[in-house]
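Numbering (this note's numbering) for the sequence shown: 9 to 471. For each residue, glycine too, the CB sits at the ideal point set by N, CA and C. Structure, as structure tokens:
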Amino acid sequence: MLAGRKDCHDLYAGYHDTDKELENLYQYANYYTKIPVDKRTVRAFVALVSDSIKYSPWENVGYIDPPKLITNPVVVPTTAGETADPEAASPENVTQYDDEQSVRLMTQGSAEHQLNEDWVKNHFADAGWTVKQLDTEATESVPDIWIQKDEIEYFVEVEHKGTDQPANVLTNAARAAHYDMDVIFVVKKKPIAQSIAKILREPVTDTDVHNGAQLYTMSDELTLTDGSKPVLPPDVESSQWYLRYQEPPEAEAEDEDGDIEARSPSQIEPELRLETPDGEVLAAGSVDESVATWEFEELLCESDPSAADRTNVHGPFVPTQLAYLARSSLRYRNGDQLERLDPNEYPANWNQSDAAGKRERYKNAYETFVDRYTVAVDYTEIEKPDFITPMNERIYKPQTSRKAPGMRESGRALWQFAERKSRDNNALDLIKNRTWRWPHDVTSPDMSFVGHSTVLSELGLEE
Numbered sequence: 009m010l011a012g013r014k015d016c017h018d019l020y021a022g023y024h025d026t027d028k029e030l031e032n033l034y035q036y037a038n039y040y041t042k043i044p045v046d047k048r049t050v051r052a053f054v055a056l057v058s059d060s061i062k063y064s065p066w067e068n069v070g071y072i073d074p075p076k077l078i079t080n081p082v083v084v085p086t087t088a089g090e091t092a093d094p095e096a097a098s099p100e101n102v103t104q105y106d107d108e109q110s111v112r113l114m115t116q117g118s119a120e121h122q123l124n125e126d127w128v129k130n131h132f133a134d135a136g137w138t139v140k141q142l143d144t145e146a147t148e149s150v151p152d153i154w155i156q157k158d159e160i161e162y163f164v165e166v167e168h169k170g171t172d173q174p175a176n177v178l179t180n181a182a183r184a185a186h187y188d189m190d191v192i193f194v195v196k197k198k199p200i201a202q203s204i205a206k207i208l209r210e211p212v213t214d215t216d217v218h219n220g221a222q223l224y225t226m227s228d229e230l231t232l233t234d235g236s237k238p239v240l241p242p243d244v245e246s247s248q249w250y251l252r253y254q255e256p257p258e259a260e261a262e263d264e265d266g267d268i269e270a271r272s273p274s275q276i277e278p279e280l281r282l283e284t285p286d287g288e289v290l291a292a293g294s295v296d297e298s299v300a301t302w303e304f305e306e307l308l309c310e311s312d313p314s315a316a317d318r319t320n321v322h323g324p325f326v327p328t329q330l331a332y333l334a335r336s337s338l339r340y341r342n343g344d345q346l347e348r349l350d351p352n353e354y355p356a357n358w359n360q361s362d363a364a365g366k367r368e369r370y371k372n373a374y375e376t377f378v379d380r381y382t383v384a385v386d387y388t389e390i391e392k393p394d395f396i397t398p399m400n401e402r403i404y405k406p407q408t409s410r411k412a413p414g415m416r417e418s419g420r421a422l423w424q425f426a427e428r429k430s431r432d433n434n435a436l437d438l439i440k441n442r443t444w445r446w447p448h449d450v451t452s453p454d455m456s457f458v459g460h461s462t463v464l465s466e467l468g469l470e471e
């Protein structure tokens with residue numbers, strides 16, 4: 009909210025750029041306006057000081073003494089039925105104090121997001137759902153809204169800037185998966201819903217990477233466990249995170265066919281790397297370790313004087329699932345109604361009609377699946393059922409109402425684009441020299457929803 013030192017001083021000096029007569033409100037007066045506030049309000053107002061201000065905001069206001077806080081103010085009554093966390097309005101958790109004298113938490117997003125969220129809340133309430141607006145109750149990572157009716161419950165996420173911040177969308181989807189919940193994403197327009205569908209079906213920013221994938225970056229700057237914030241080298245403007253598979257180790261064992269023994273997906277995982285655009289590795293580690301614990305030895309910290317004008321490191325979103333489509337529903341506003349994005353309206357380039365031929369659709373689908381979701385790595389393998397089942401259930405069916413192929417037809421399509429090998433006297437078919445581009449069973453400790461949630465546990469939800 010406050011861009012820096014000048015904004016901070018203008019605020020505390022009472023500067024108004026909307027009215028010349030109020031340009032320096034207090035410059036010729038020996039008093040400040042007195043406003044009765046409670047303790048919670050004081051904390052919210054103090055939170056307006058930006059993190060970059062390391063000194064008293066009054067030091068440049070020389071024409072009047074700093075104001076004094078009266079310790080026994082008039083108590084401002086809270087709204088009826090308020091149940092907010094008493095620590096929720098602490099400075100580190102407050103975005104701003106709005107004109108209606110209510111604290112808006114960082115978990116609630118912008119004022120426009122909040123208006124959209126209120127509309128969605130009322131929409132479901134009017135339809136007979138039990139509704140709880142969770143992000144007004146605590147500053148922990150929670151869904152925007154929880155709804156329940158007839159023993160059916162959903163998380164509801166109102167995506168105001170979803171396509172601008174894909175990692176935020178994916179974090180919301182990953183949180184729902186973490187709690188074994190279905191989630192409804194609500195947006196303003198149909199094209200935005202279609203864009204979010206792309207993000208949910210392919211939770212990485214780029215699969216055109218020969219030995220892995222490029223990841224989305226989180227919107228928050230990375231803060232290490234010691235409190236420092238690493239910055240990127242000069243002329244590097246953004247954090248580029250990759251999953252990279254290493255060359256296979258020298259293998260000593262051979263399988264029954266005389267080949268070097270292949271590794272299943274559970275026996276191999278990619279390395280997580282922060283790289284420069286020209287491929288220099290700035291940091292690397294395991295996908296299941298907290299990036300905040302890494303030692304960024306080659307990088308300066310934000311506090312270093314020579315780090316001025318450098319870009320902060322932002323952490324990666326490491327996918328926890330193959331995709332997040334199967335348990336996600338996309339809705340968009342149409343007047344005073346919410347319309348569901350029909351699966352046939354998802355932007356899937358393989359979803360041809362039956363008139364074009366079912367096998368042609370299956371072929372095009374599996375060409376896409378092999379290319380996007382797997383990567384060529386020597387001496388690796390995926391069992392045929394372990395590939396086909398999730399492809400059909402998590403990727404194919406959520407994006408079309410047209411018939412899905414069975415195991416036999418799926419295999420017919422698959423082997424046109426993947427190398428085949430057999431085991432156990434041809435009883436088991438496997439994809440040879442390919443593995444998943446990203447792991448499906450790893451939840452990074454950096455995910456904001458990892459750990460106990462008081463709000464969600466009160467709803468009977470456990471990790």
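*Sort out for me which residues DSSP pairs Thr437 with in a bridge.*
Looking at the sequence shown, residue 437 is not Thr but Asp. Looking at the DSSP assignment, Asp437 forms a beta bridge with Ser430.
*What did DSSP end up calling Tyr187 once you bin it into helix, strand or coil?*
coil
*Sort out for me which residues DSSP pairs Leu282 with in a bridge.*
Trp249, Ala291
*CB Arg410 to CB Ser456, shorter than 9 Å?*
no
*asked:* Beta-carbon within less than 6 Å of Arg183's beta-carbon, same chain only, minus the 5 sequence neighbours each way: which residues are those?
replied: Phe457
*Under 8 Å by Cβ, that's how I've got Asn359 and Gln407 pegged, so tell me the actual separation to the nearest angstrom.*
6 Å
*Would you mind giving the Cβ-Cβ distance between Val164 and Ser461, rounded to the nearest angstrom? I have them listed as a contact below 8 Å.*
Contact flag wrong, Cβ pair sits at about 16 Å.
*asked:* Going by DSSP in three states, Leu240 sits in which element: helix, strand or coil?
replied: coil
*Asp214 - partner residues in DSSP beta bridges*: Gln222
_Whole-angstrom C-beta distance between Leu464 and His322, which should lie under 8 Å_ = Their Cβ separation, rounded to whole angstroms, is 26 Å, which puts His322 and Leu464 out of contact at 8 Å.
*Nearest-angstrom Cα distance between Asp152 and Ala364?*
42 Å
*Thr319 by DSSP, collapsed to three states: which one?*
coil
*asked:* Taking the beta carbon of Leu436 as the centre, do at least 16 other beta carbons fall within 10 Å, making it buried, or is it exposed?
replied: exposed
*asked:* Could you pull the DSSP bridge partners for Glu303 from this structure?
replied: Answer by DSSP bridge pairing: none, since Glu303 is not bridged.
*Are there three or more Cβ pairs, one per stretch, closer than 8 Å when the segment 413 to 424 is compared with the segment 239 to 254?*
no
*Report the rounded CA-to-CA distance for Ala270 versus Glu389, giving the unit in angstroms.*
6 Å
*With C-beta atoms as the reference, is Val295 less than 9 Å away from Leu280?*
yes
*DSSP puts Asn130 in a beta bridge; with which residues?*
Answer by DSSP bridge pairing: none, since Asn130 is not bridged.
*Please state if the CB of Pro211 and the CB of Tyr332 are separated by a distance shorter than 9 Å.*
yes
_Cβ-based burial, Gly468 [other Cβ within 10 Å; buried from 16]_ = exposed
*asked:* In this structure, how does DSSP classify Tyr162 when only helix, strand and coil are distinguished?
replied: strand
*Residue nearest to Glu159 in terms of C-alpha spacing, selected from Ala205, Trp137, Asp172, Phe377*: Trp137
_Closest to Tyr374 by C-alpha separation, out of Asp317, Ala426, Asp454, Asn441, would be which residue?_
Ala426
*How many angstroms separate the CA atom of Arg5 from the CA atom of Val194?*
The displayed coordinates of the chain run from 9 to 471. Any statement about residue 5 would go beyond what the structure contains.
*Starting from Ser203 and walking both ways along the alpha helix (DSSP H), at which residues does that stretch end?*
198 to 209
*Return the CA-CA distance between Asp351 and Thr147, expressed in angstroms with no decimal places.*
For the sequence presented, residue 351 should be read as Pro rather than Asp. For Pro351 and Thr147, the distance between alpha carbons rounds to 34 Å.
*Less than 9 Å separating the beta-carbons of Gln222 and Asp228?*
no
*Pick from Ala185, Trp444, Ile276 that is closest to Glu471, judged by C-alpha positions*: Ala185
*Using CA coordinates, which residue listed in Gly343, Lys237, Arg335, Pro313 is at the minimum distance from Phe304?*
Lys237
*How is Glu277 classed by DSSP in three states: helix, strand or coil?*
coil
*Mapping DSSP to helix, strand and coil, what is Thr360?*
Reading off the sequence shown, one finds Gln at residue 360, where the question assumed Thr. Gln360: coil per DSSP, three-state reduction.
*From Gly459 to Ile200, what does the alpha carbon distance come to, in whole angstroms?*
31 Å
*Kindly indicate which three-state DSSP category Arg445 falls into: helix, strand or coil?*
coil
_Within-9 Å CB hit, Pro151 to chain D_ = The chain labelled as chain D is not found in the depicted structure, where only one protein chain is given.
*With contact counted as at least three CB pairs below 8 Å, one residue from each stretch, are the segment 439 to 451 and the segment 379 to 399 in contact?*
yes
*Alpha carbon to alpha carbon, how far is Val299 from Thr284?*
17 Å
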